[in-house]
Amino acid sequence: MNVDEYKDEHARTIIHIDIDCFYAQVEILKRPELKNVPLGIQQKNIVVTSNYIAREFGIRKCMLLTEAMQLCPNLVLVNGEDLNDYRTMSYKVTTLLQKYSEIVERLGLDENFVDVTKLVEQKLKNTDRSAGDPNQDVTNIVGSNDSYCQCGCEIRLKIGSLIADEMRRLIHNQLGLTSCAGIAHNKLLAKIVCSTHKPNQQSMLFPDSALELMLSLNNVESIPGIGRATSDILKSLGVRTVQDLQNAELSELHRLFEIDKAKFLQNLSFGIDNSPVKKSGKPLSLGLEDSCKLICAENEVKEKLGDLLKRLLLLVEADGRLPKTIKLTIRKFDKLTNTSRRETKQTNINPQFFTSGCVSQMNPNNIQKILMILMNMFRKLVRVHKPFHITLLGISLVKFNERPSFRNSIAPFLRKDIEVQSIISIENLNSNESSPESRTHSPSSCRESSDPECEPTPKRTKLSIFKRNFLEYDTCESPSKLRVQDLQLTSDSVQKVRCPSSIDESVFRELPLEMQQELWSEYKNSQIDYASCENKPKKIKSTNTILNYFVKQ
DNA sequence: AAGCCCCAG
DNA sequence: CATTCTGGGGCTT
């Protein structure tokens, strides 16, 4: 249909960053003595990943513990069932990469795509373009073809390659992690080329070598985006290799796939991928799960869920948002089919259950109430009077009360997150300095993050300074007490902006009118009744977002 | 919106 | 083969 769908443009510059054996590196940072031993990260009966010393023994991803120990009797194991430290480190990496572009997409905990098209163009415009090809030293160039493409992609990718080198240096200097990078004109190729040289290396692909790279893959399942199910269907059509997929008739593929999916798959086989790098923000869900040998008693379920819930509450607190929906996941073991599948049940929950601020101070009644809700859901999933066996329990929180959108709101200023400063501005700021020692200019020459000279001061409005001062009260919010009168609708005739009862009015009146209006409107919006799972009378709810920074102590 | 499946690391 | 512990997205109802 549309010719453009098949057109392969090279206008973008995409970097894929992959932290080497991520869990293992995090554990080694925690316990440096593990650095020189074969190390495996264990979850239940499985070695989910390992360091490169262990890999020399043949340890592979998700290998059974018994098998791994046979291959490497001296394998040192660390339990990695709690992903907290990995998650924390993962977001640190993403935050560093956001200095190079606002367009950073996370994939799992250890990978990021960065669209550096804009930064590359900035660098191209800069008069100071260091001559030569420093790329040759730091980057593997994948493919045997010479690049004849004249669209300008060659120089763009080479600049991208320099940026990738800086990124990896920054990640190493700031966080102590080694990583790999792939540089290409789309996500698919950046990711694939990234994996061609490991560990602690980077690789670049010029578009003319895209086909060669794709054909170097063993089978269609090695193409990111083609998983088990899709490859099984392709197999039924006799399509196994990348070449098979390239040569397949679209009409043939269309027999078993929607036409869009058929085109998409065939495009992948040619290395064509026009999908944009999508900004990752806060996660859309927060969940914990625990698999277990066998659970067959209700009180056992309750105990496990209670443990998960307490841990999850810590995550919610750190996140700052309030969830509106809770989801229970179980996995039943089916003896007959010798198979297991997951089942879920979700329900809306009053976000106020999660407002206690510090979990240590959280009302134990609250935990019990949430637990009751979970057990009710469990009884809807499992007929508890008959024998049952469960092999996994999970709790997930989804559909959070949103913060106001970035552009229209003051909330972003209130975030605890470190403000991300564009690398372009950093370069502009540092452009006068000359540092003969370091060959890079931007963030890698910017090691001491505590140095105020290093991070350019963001524009500080009076308003933002005001908000910053309030941040100090953020550690533990106090529950706000609302009165019935606060629920009255603002009449149209009222000129003065109403003051939420949770805020000291004298403070409120000092605020700019715009901000007063925003606070009132947020407050008003927070006064929504959520269906309570119990039959108790509905309570009046307090608010969840920026209002919390202003509540009376 | 609920619940399933598919994808990823 | 899936196995762990997550998280995103899409399809069907």
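Under my numbering, residues 1459 to 2011 are what the first sequence spells out, in order. For each residue, glycine too, the CB sits at the ideal point set by N, CA and C. Given the structure is predicted, the values throughout are model-derived calculations rather than measurements.
Whole-Å CB distance - residue i paired with residue j, under 8 angstroms assumed
{"i": "residue 1473", "j": "residue 1668", "result": "Not confirmed; about 16 angstroms, so no contact."}
{"i": "residue 1487", "j": "residue 1512", "result": "Rounded, the Cβ-Cβ distance is 17 angstroms, inconsistent with contact."}
{"i": "residue 1475", "j": "residue 1662", "result": "With 8 angstroms as the limit, residue 1475 and residue 1662 do not qualify as a contact, their Cβ atoms being about 13 angstroms apart."}
{"i": "residue 1535", "j": "residue 1498", "result": "5 angstroms"}
{"i": "residue 1728", "j": "residue 1704", "result": "6 angstroms"}
{"i": "residue 1523", "j": "residue 1503", "result": "5 angstroms"}
{"i": "residue 1695", "j": "residue 1646", "result": "Their Cβ separation, rounded to whole angstroms, is 21 angstroms, which puts residue 1695 and residue 1646 out of contact at 8 angstroms."}
Cβ-based neighbour list, residue i, same chain, cut-off 6 angstroms, excluding 5 preceding and 5 following
{"i": "residue 1477", "result": "1568, 1635, 1637"}
{"i": "residue 1468", "result": "1609, 1611, 1643, 1665"}
{"i": "residue 1466", "result": "1730"}
{"i": "residue 1807", "result": "1784"}
{"i": "residue 1803", "result": "1786, 1835, 1838, 1839"}
{"i": "residue 1679", "result": "1689"}
{"i": "residue 1697", "result": "1703, 1706"}
{"i": "residue 1857", "result": "1782, 1783"}
{"i": "residue 1605", "result": "1612, 1664, 1666"}
Within 9 angstroms, strictly: CB atoms of residue i and residue j
{"i": "residue 1542", "j": "residue 1501", "result": "no"}
{"i": "residue 1673", "j": "residue 1650", "result": "no"}
{"i": "residue 1490", "j": "residue 1508", "result": "no"}
{"i": "residue 1859", "j": "residue 1779", "result": "yes"}
{"i": "residue 1833", "j": "residue 1760", "result": "yes"}
{"i": "residue 1741", "j": "residue 1777", "result": "yes"}
{"i": "residue 1691", "j": "residue 1715", "result": "yes"}
{"i": "residue 1572", "j": "residue 1563", "result": "yes"}
{"i": "residue 1440", "j": "residue 1842", "result": "Look at the range of the chain in this structure, 1459 to 2011, and you will see that residue 1440 is not part of it."}
{"i": "residue 1849", "j": "residue 1752", "result": "yes"}
{"i": "residue 1492", "j": "residue 1547", "result": "no"}
{"i": "residue 1775", "j": "residue 1812", "result": "yes"}
{"i": "residue 1581", "j": "residue 1620", "result": "yes"}
Beta-carbon contacts of residue i that lie in its chain and below 7 angstroms, excluding the five residues immediately before and after
{"i": "residue 1618", "result": "1471, 1473, 1574, 1578, 1641"}
{"i": "residue 1544", "result": "1480, 1481, 1484, 1567"}
{"i": "residue 1526", "result": "1498, 1505, 1517, 1533"}
{"i": "residue 1614", "result": "1471, 1578"}
{"i": "residue 1510", "result": "1479, 1657"}
{"i": "residue 1798", "result": "1789, 1790, 1791, 1792, 1849"}
Contacting residues, own chain, Cβ-Cβ under 8 angstroms from residue i (five flanking each side not counted)
{"i": "residue 1846", "result": "1754, 1790, 1840"}
{"i": "residue 1648", "result": "1472, 1473, 1474, 1571, 1640, 1641, 1642, 1663"}
{"i": "residue 1724", "result": "1703, 1704, 1706, 1708, 1711"}
{"i": "residue 2080", "result": "Any property of residue 2080 remains undetermined from this structure, which presents the chain solely from 1459 to 2011."}
{"i": "residue 1602", "result": "1667, 1670"}
Outcome for residue i when other beta-carbon atoms lying within 10 angstroms are tallied against a minimum of 16
{"i": "residue 1681", "result": "buried"}
{"i": "residue 1652", "result": "buried"}
{"i": "residue 1809", "result": "buried"}
{"i": "residue 1520", "result": "exposed"}
{"i": "residue 1558", "result": "buried"}
{"i": "residue 1583", "result": "exposed"}
{"i": "residue 1494", "result": "exposed"}
{"i": "residue 1531", "result": "exposed"}
{"i": "residue 1720", "result": "buried"}
{"i": "residue 1844", "result": "exposed"}
{"i": "residue 1561", "result": "buried"}
{"i": "residue 1788", "result": "buried"}
Any non-hydrogen atom of the ligand COA closer than 8 angstroms to residue i Cβ
{"i": "residue 1484", "result": "This structure simply doesn't include the ligand COA, nor any ligand for that matter."}
Problem - Contact the region 1851 to 1861 vs the region 1733 to 1747: 3+ CB pairs below 8 angstroms - result: yes
Practice task
Answer yes if the region 1762 to 1780 comes into contact with the region 1821 to 1838, meaning at least three C-beta pairs across the two stretches below 8 angstroms, and no otherwise.
Solution key: yes
Practice task
Determine contact between the region 1729 to 1736 and the region 1793 to 1806, defined as no fewer than three beta-carbon pairs at a distance below 8 angstroms.
Solution key: no
Handout entry: Any 3 or more C-beta pairs closer than 8 angstroms across the region 1594 to 1602 and the region 1654 to 1661
Key = yes
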